[in-house]
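Okay, so the sequence shown: first residue is -16 according to the numbering used here, each after it adds one.
Every residue gets a Cβ at the ideal spot worked out from N, C-alpha and C, and that includes glycine.
What follows is a single structure, written as structure tokens, with notes after it.
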Amino acid sequence: MAIAGPIPIAFEHVFPHGCYLVGEVEQVKDFTASTGGRTVFAKDKTTGELVWQVAVMDADPAAKIAQKTVAVKIIAPVQPVPPTPTPGLPITPVEFEGMTVTPYVHQTTGRLAYSLRARSMRAPRTGASSAKQTGAAGKEVAA
């Protein structure tokens, strides 16, 4: 069976305990196309839209320290706006929609790694559909 391109995946499968913003939304640079002081920003090969990146902390208490913070790339024509911070919390909870995962072999370590992408981010849902109530199914995807 051949799988071509990113694999669609539910937010709840990647972050069953939720996740929190730990960085700013940044535009991803295209280091191959950037030359001589001229910065070129990355565009998604499929849609042509700009690529943005944000660092998030996985709220899974069983996650190893080295795997706690991951980058999620967001494909959008304009800079995504993070959800409004929750009063009293030092970090902002966030959920992603339209997520995909692309497995690859890390060039430095030779280990299997995952690239996470999304179409948008928003404040977490509340109620029965919340990521916190879906359990740990699929956690191996984000390992």
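Query, Result
"Start-to-end residues for the alpha helix (DSSP H) that takes in PHE(-6)", "-6 to -3"
"Simplified DSSP state of ALA54, which is helix, strand or coil", "strand"
"Closest residue to SER98 among LEU72, GLY71, PRO65, ILE57 (Cα-Cα distance)", "ILE57"
"Whether ALA42 touches TYR3 by CB criterion (8 Å)", "yes"
"Contact the region 14 to 34 vs the region 66 to 75: 3+ CB pairs below 8 Å", "no"
"Contact belief for THR85 with PRO(-11) at Cβ below 8 Å, rounded distance in angstroms", "5 Å"
"Rounded straight-line distance, which links the Cα of ALA(-7) to that of THR91", "28 Å"
"C-alpha gap between THR61 and ALA106, whole angstroms", "The question names Thr, but residue 61 in the sequence shown is Val. One C-alpha to the other measures close to 18 Å."
"Cα-Cα separation between PHE(-2) and VAL53, rounded to whole angstroms", "11 Å"
"Residues sharing a beta bridge with THR18, DSSP", "ARG21"
"Minimum length 3: unbroken beta strand (DSSP E) runs contained in the region 27 to 113", "34 to 41, 52 to 58, 75 to 80, 83 to 88, 95 to 101, 103 to 105"
"Euclidean distance between Cα positions of GLU32 and ILE48", "33 Å"
"Spatial distance of ALA(-13) from SER103 (CA atoms)", "22 Å"
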